[in-house]
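**Student:**
Numbering (full-length UniProt numbering), first residue to last: 1 to 692.
(1) List the endpoints of the continuous beta strand (DSSP E) containing residue 500.
(2) Can you give the beta carbon distance from residue 88 to residue 133, rounded, assuming they're within the 8 Å contact cut?
(3) Just to confirm, is the Cβ distance from residue 613 to residue 658 under 8 Å?
(4) Answer yes if the stretch 373–383 comes into contact with the stretch 247–258, meaning at least three C-beta pairs across the two stretches below 8 Å, and no otherwise.
(5) What first and last residue would you give for the alpha helix (DSSP H) that runs through residue 205?
(6) Excluding the 5 residues preceding and the 5 following residue 218 in the sequence, name in chain order all residues of the same chain whose CB lies nearer than 8 Å to its CB.
(7) Report all residues from its chain with a CB closer than 7 Å to the CB of residue 678; omit the five preceding and five following residues, and keep chain order.
(8) In terms of alpha-carbon separation, which member of 538, 531, 306, 566 lies closest to residue 551?
(9) Cβ atoms of residue 481 and residue 169: under 8 Å apart, would you say?
(10) DSSP state of residue 152, grouped into three classes?
(11) Let me know the secondary structure DSSP gives residue 96 once reduced to three states.
(12) Would you say residue 600 lies against chain D (beta-carbon separation less than 8 Å)?
(13) Pick out whichever of 271, 437, 94 has its Cα sitting closest to the Cα of residue 237.
(14) Per DSSP, residue 214 forms a beta bridge with which residues?
(15) Roughly how many angstroms separate the alpha carbons of residue 12 and residue 93, rounded to a whole number?
(16) Out of curiosity, what's the CA-to-CA distance linking residue 560 and residue 153?
(17) Which residues does DSSP list as the beta-bridge partners of residue 196?
(18) According to DSSP, is residue 173 helix, strand or coil?
(19) Among 286, 260, 599, whose alpha-carbon lies nearest the alpha-carbon of residue 465?
(20) Counting C-beta neighbours from all protein chains within 10 Å, is the total for residue 637 16 or more, i.e. buried, or is it exposed?
(21) Is the separation between the beta-carbon of residue 50 and that of residue 44 shorter than 8 Å?
(22) Count the other CB atoms within 10 Å of the CB of residue 620; is the residue buried (16 or more) or exposed (fewer)?
(23) How big is the Cα-Cα spacing for residue 641 and residue 669?
(24) Tell me the rounded alpha-carbon separation between residue 341 and residue 182.
(25) Measure the Cβ-Cβ separation of residue 86 and residue 299 and say whether it is below 8 Å.
(26) Assuming residue 364 is part of the alpha helix (DSSP H), what are its boundary residues?
(27) Cutting at 8 Å between CB atoms, please list the residues of its own chain near residue 427, excluding the five before and the five after it.
(28) Based on DSSP bridge pairs, tell me the residues matched to residue 589.
(29) May I ask you to list the residues that DSSP assigns as paired with residue 693?
(30) Counting along the chain, where does the beta strand (DSSP E) carrying residue 670 start and finish?
(31) Return the chain-ordered list of same chain residues with a C-beta closer than 7 Å to the C-beta of residue 284, the five sequence neighbours on each side being excluded.
(32) Output the boundary residues of the alpha helix (DSSP H) element that contains residue 407.
(33) If residue 604 and residue 588 are in contact, beta carbons under 8 Å, what's the gap, nearest whole angstrom?
(34) Find out if the Cβ-Cβ distance for the pair residue 20, residue 115 is shorter than 8 Å.
(35) Tell me, to the nearest whole angstrom, how far the beta carbon of residue 203 is from that of residue 446; I am working on the premise that it is less than 8 Å.
(36) Is it buried or exposed for residue 373, if we count other Cβ within 10 angstroms and need 16 for buried?
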């Protein structure tokens, strides 16, 4: 018989914690929530203070029975779910199911799963925080009121199986409004003039900036020709040389949002994958006989950049010993805070900086290692000294026409020795070293280029950009970003095209109807205010019932109006432009759970379906009459196969191109590199220069 029963959410977490607590403790997993609102009905009593009706989740009976049996044998029960609103709610539901007094010292929380953190947390148990529970309940009830009222309307007016979520609908709105911006965009012409210069036999580049001391807008070729006509020969006078020292600070340690963004940029991870891997690193990895199972990172759902003093001290010593005192940060960085930051936890960091990525590599999967390395390097760099850059700006003048050259070099690398933050626009800061120049000296233009450009529309959202925008607008919280992006894709409201979100026709129809009858529900400012209200419930400043009631009174009126006035919308199938090979009826495009596909219009008499394939204009290298087409694997990874599959099994992960290798006549493919695409031969060593 164990003296104490500890309940956590997952078996992995249970295994890690049990090792630290000793024989008197038995640790079991609840496998997440054990109670929730029923799926078959609303489950909210809107007439009596929005009282929720909770039931045991289907399939959780055996788990709950096992926990009740263990609870009867224990002297005391500790509820150790994750340290956030959701974790607090799980603990509260468990307390009700197991008959634990919620006001007793039954709740244990920790930000990292390490021996010291676990032992310290069990010395200071507390009661269940009902403000946290009520904040989670309020979010759940709000989402239920919206989803279970609007969704049946969409079933009747549009088609079966549709649903509308509160935060998800706002995310869809952002994507659709961006698409509308792009379609309305009118490109504007502009030009640039760049020149290669020679000084002391060294070559450097400069760009036109002004004429006669005034900025000149180059809107046409005529504007360019006016500038070039003013030039008198190729001799330029060095008019101004400005040398400065610039300090570059490291990025702050990761929050949930910044981790998802950086993992997308540097590792090509989707938000869902990033959070799954982070959960595994947090709950514990077996590091062999020396350490056993240990949590490698702190809690991964956080919007705080705060770091504990213990972690700061450990990293200080590590930097000093590894790189030297000059790499230590001399000043304390200010934490990044905004009005929406809850600051309940620390930033995401390694539980010990002494566990380097190379030391744990043999114990983790490739993707776990890549994510851990990213977190470890970002945290270490955040604790290091700024980089010092020597910059140089030079103005070169010929007959009133000014060109400017900018150069920079690293004087002291500081944090850049370990890590440099990624950029959505993929513009990396590189060293540009200019030759030594003195005012009054001469330099000579070698050649001058004039280039035509057009302004570009705003970019479509990548997952990283959308998460960043949602965070800036105050929509959702750390725990909601990944599920939101996953949901809007599964519902078929948006799709990913070249890793960028595009709205579907279905998404546009649903948004139009919701905007017409429930504009506040998917208003960005309203949704952000609702998040602030949920934070205030957590802080005990407002009552959750009053927040729900303020929302529902207006929502109920709009709901009644929508029931009467919402028009029915028929989504017509789009012709696919080919006939069914089984019955001869026209094929049409349909939207399924996993995106568009082709189906016979003679359904249900004919059930022929097939995936949509895209020909790339390349003959199959394996059979005589096949064409190479784009396909997608079950994991949505792009690959290339033959139209005659399965009789022809040609397959390539790299894109074939429509010409043969000049050396051996074999297939050429495009291989993606970090800095572009390289054409290579599939049989011999032939390679072409990388194209950016």
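In this text, a Cβ means the ideal position worked out from N, Cα and C, and glycines have one as well.
**Tutor:** Working from what's here:
(1) 500–503
(2) 5 Å
(3) no
(4) yes
(5) Taken as a continuous stretch (DSSP letters only), residue 205 belongs to no alpha helix (DSSP H), being part of the beta strand (DSSP E) at 202–211.
(6) 190, 191, 192, 193, 208, 224, 227
(7) 671, 687, 688, 690
(8) 531
(9) no
(10) helix
(11) helix
(12) Protein chains in the displayed structure number just one, and chain D is not present.
(13) 437
(14) 211
(15) 21 Å
(16) 11 Å
(17) 205, 447
(18) helix
(19) 260
(20) exposed
(21) yes
(22) buried
(23) 13 Å
(24) Interpretation of residue 341 is limited by its pLDDT of 49, a score under 50 that renders its predicted location unreliable; the figure taken from the coordinates is listed afterwards. Each residue's alpha carbon lies about 32 Å from the other.
(25) no
(26) No alpha helix (DSSP H) contains residue 364, which DSSP labels as neither H nor E.
(27) Its pLDDT being 49, under 50, residue 427 is placed unreliably by the model, and nothing is read from it.
(28) 574, 598
(29) No answer is possible for residue 693: the residues shown for the chain start at 1 and end at 692.
(30) 667–673
(31) 12, 13, 15, 16, 113, 293, 294, 295
(32) Here residue 407 belongs to no alpha helix (DSSP H); instead the beta strand (DSSP E) covers 401–412.
(33) Contact flag wrong, Cβ pair sits at about 14 Å.
(34) yes
(35) 7 Å
(36) buried
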